[in-house]
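Please read the structure below before turning to the comments.
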Amino acid sequence: MKRGRKFSACLAVVSLVVALTVPVQAAFANSTGNSESIPISRLAGTDRYETAAKISQAGWANNSSAYAVLSAGMDNNLVDSLTAAPLAKMKNAPILLTQGDKLNDDTKAELQRLGVTTVYVTSGIGVITQPVLDELKAMQITVISLGGADRFATALNIANVVGMHGKLVVASAYSNADALSIASIAAAQGMPILLSNPDKLSDNVAAYLDSVKSSVQQTYVVGGTGVINTTVENSLPHPVRLGGADRFDTNMIVLGTFSLTLHGDTVYVANGEDNHLVDALTGSILAAKNSTAIVLTSNPMQEKTKQLLGGMFPLNGVVALGGDSLVSQTDLEEVLSYTNFTDNGGTVGPADTANPLALTGNIQITGNNTTLQNADISNNLYVTGENVNLNNLKVSGVVILEPSGGGTITLNNVTAKGIVMSKDATGTFRLNDVTAEALLTVNKDPIKVAIGGNTKITNTLITSETTLDGGDGVGTFGNLIITGIPQADGSTPDLSVQLAGTFQEPVMVASQATVTAMAGATVNKIGVVTININDKVSLQGTINSVDVYQVGNLEIADGSAINKITIYTNTSITVDKTATVGGITKFNNAVLTLNGDGAQNVGSSN
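In my numbering, each residue's number is its place in the sequence shown (first place is 1) plus 22.
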């Protein structure tokens, strides 16, 4: 079963998942629970050099690679290769390690197995010495040295090979874990990684940023203000800080921020302590190849890391990088166990609403025409099946819903931290008297989400084709944002969302999308907050008001009626032939451009 979208969706609300996973057996009426575990595998050698070779063998098992990245394996020199993952991904190359005075034997054997013809060396000759380079040349391998005068120059040399594609990362030059938290993600998205002092950019990094700033859409500053202060942050183009109280918090924030771009079915776990970071370094390219994440841990595993991994359920597998002394097998088995209940046509849970069944850990329910009722679940609930009812539940984590066969999943009186709709075929979700801090759709095919009763969702994120039914307006989707998932090149696909029922609160559109107010719907306000200058928002149906805050590029489709439009930025509006707009108001000296055959159907603008 493909679970990549589900695990990344859980990550999107990972800050909402606070329960610790400890599996137990539990008995349901007409059902028996089985204790199961997400598969755990391990890539580990007798030392870091052999571990890097095994990671390479896992990523390039049946095919060769013309390229490899060669880095110094000594702790004092790891900084030279902190920024290498985007280069390795660009060249489809493993990251291998060597000692400074001789080419490591495991590395040499792996270079020969792969048939490598070009090696990028990430340290200068003072670290990876001439005898190593001579041995590479004797193997008929071309050596390209990227080592600079210092760690900042080395990172710049790598960045110049990777190129600028709209986004970049700035990490601390002296806190290696922060850069490794984002290395696999930066690699997957082609973002170069630069290094900084705590309180000042080096002159060459500042000059580079000045030369590319016009093409930078976002700079991700990784780590707290203790490692990169606000003065540095404010000097960067369009900065966004991703930093927590420590390296493990920062890792969690990074993974949560980019969760919707992670589509792999497996997550990697590596030791995040200073003396053992090297496995996360060499594993970053493998994670990038598989569009997934690296979770940093200590040994023993901290409670918050257990919560993070437990909150990713369901997964297809977890791979530990390094030996048991670095990533504890016992801790992984504890966190990744869950209880599975399979029952077709039965009732799961007691009939007595006053005495709900307490279930500890992650719970999976599989079955058609099944009811799960009257239960308290301490972590996540994963439900798949056709025509499933969930009644009177308290879920401390996330509810992941996947109807099968185009069926329906109905929630009645359910409280959860987050609710995720994930579907590879059409399905319907009905939420009656449901309370959740977040609701997220990541479906592949069109679905419908309908709320009723006193449903209260705090934040709703729609990232895929969805029909939303607001019912009679008593319930609410809360802060509702429509946004496509960014692709590796920074673009977002055209997203289609239909609105039925009543929407008293604003519906915010943050990417290219077609938003349709269906016949009989009441849509009070749509706000446009797109970032990409090429994104266009097409509106259809009857809408009371539209506010344009960022990158105004609107189309008012035929037959649509907008009472008023307010623009706060320069805006181009194309009005189709039979569409009407009551009036347009401009603020902040915004410039309005009107196009289309229906431009004459626009009321006064001021």
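Ideal Cβ positions, reconstructed from N, Cα and C, are used throughout, including at glycine.
C-alpha gap between residue i and residue j, whole angstroms
i, j, result
"D296", "A373", "53 Å"
"N160", "L125", "The amino acid occupying residue 160 in the given sequence is Ala; Asn does not appear at that position. Taking the straight line joining both Cα atoms gives about 12 Å."
"Q329", "G574", "41 Å"
"T472", "D102", "Position check: residue 472 holds Ala in this sequence, whereas Thr was assumed. The alpha-carbon atoms of A472 and D102 are separated by roughly 52 Å."
"A181", "S626", "51 Å"
"L331", "Y89", "33 Å"
"T253", "N434", "50 Å"
"A48", "T352", "Residue confidence for A48 is low, a pLDDT of 30 falling below 50, so the modelled location carries little weight; the figure read from the coordinates is stated next. A48 and T352: Cα-Cα distance of roughly 22 Å."
"D635", "K445", "Outside the modelled stretch of the chain, which goes from 23 to 628, sits residue 635, for which no answer is possible."
"N52", "I587", "Unreliable positioning characterises N52 in this predicted model, as indicated by a pLDDT of 38, which lies under 50. The coordinate reading is nonetheless provided below. Using only the alpha carbons, I get a separation of about 57 Å."
"N611", "V141", "54 Å"
"H285", "T514", "15 Å"
"G383", "T68", "34 Å"
"F335", "D232", "43 Å"
"N390", "Y404", "14 Å"
"Q240", "V262", "7 Å"
"A171", "T151", "15 Å"
"G500", "T485", "16 Å"
"I1", "I422", "Since the first and last residues shown for the chain are 23 and 628, residue 1 lies out of range."
"I385", "E58", "10 Å"
"G620", "L614", "15 Å"
"N628", "V276", "44 Å"
"L453", "L258", "44 Å"
"V570", "A539", "18 Å"
"P425", "T388", "10 Å"
"V234", "T279", "24 Å"
"L158", "K130", "9 Å"
"Y590", "K547", "15 Å"
"T327", "F270", "7 Å"
"A292", "T319", "6 Å"
"T450", "T432", "8 Å"
"A267", "D200", "12 Å"
"L354", "T364", "24 Å"
"N413", "T482", "22 Å"
"N99", "L119", "11 Å"
"G371", "G55", "11 Å"
"E577", "V568", "12 Å"
"N362", "F609", "56 Å"
"Y242", "K311", "21 Å"
For residue i: DSSP bridge partner residues
i, result
"Q572", "V551"
"R452", "T432 and A472"
"L343", "L65 and A292"
"D398", "A380 and K416"
"Y404", "Q386 and I422"
"V529", "L502 and I548"
"E58", "Y360"
Beta-carbon proximity of residue i to residue j, cut-off 9 Å
i, j, result
"I503", "L517", "no"
"T105", "G146", "no"
"I77", "T304", "yes"
"N623", "T593", "no"
"V317", "V289", "yes"
"V519", "T536", "yes"
"G495", "G475", "no"
"G604", "N585", "yes"
"K416", "V442", "no"
"V143", "L155", "yes"
"Q562", "G581", "yes"
"D467", "E487", "yes"
"N554", "Q534", "yes"
"A579", "D598", "yes"
"A397", "G419", "no"
"V227", "S218", "yes"
"A66", "T73", "yes"
"T480", "A460", "yes"
"P153", "M186", "no"
"V349", "L343", "yes"
"D128", "A75", "yes"
Item checked: In chain order, each beta strand (DSSP E) run of at least 3 residues that lies wholly inside the region 462 to 524 -> Taking 3 residues as the shortest admissible run, the region 462 to 524 contains the following complete beta strand (DSSP E) segments, listed from N- to C-terminal end: 469 to 474, 478 to 484, 488 to 491, 501 to 504 and 517 to 522.
Item checked: the region 377 to 393 in contact with the region 88 to 104 per 3-pair CB rule at 8 Å -> no
Notebook entry, point to check: Along the chain, which unbroken stretches of the beta strand (DSSP E) at least 3 residues long are found entirely within the region 207 to 285?
Noted result: 215 to 218, 240 to 244 and 261 to 264
Notebook entry, point to check: Which full runs of the beta strand (DSSP E) of 3+ residues lie inside the region 352 to 377, going along the chain?
Noted result: Correct list: 359 to 364.
Check: Taking three-plus beta-carbon pairs below 8 Å as touching, is the region 152 to 171 in contact with the region 197 to 213?
Finding: no
Notebook entry, point to check: Within the chosen definition, does the region 188 to 202 reach the region 109 to 119 through at least 3 CB pairs nearer than 8 Å?
Noted result: No, the region 188 to 202 does not touch the region 109 to 119.
Checklist line | At least three beta-carbon pairs within less than 8 Å, the region 220 to 232 to the region 241 to 261 | finding: yes
Next item on the list: Can you check the region 120 to 179 for any beta strand (DSSP E) of at least 3 residues that lies completely inside it and give the ranges in chain order?
Entry: 140 to 143 and 164 to 167
Notebook entry, point to check: In chain order, which beta strand (DSSP E) runs of at least 3 residues are fully inside the region 309 to 339?
Noted result: 316 to 319
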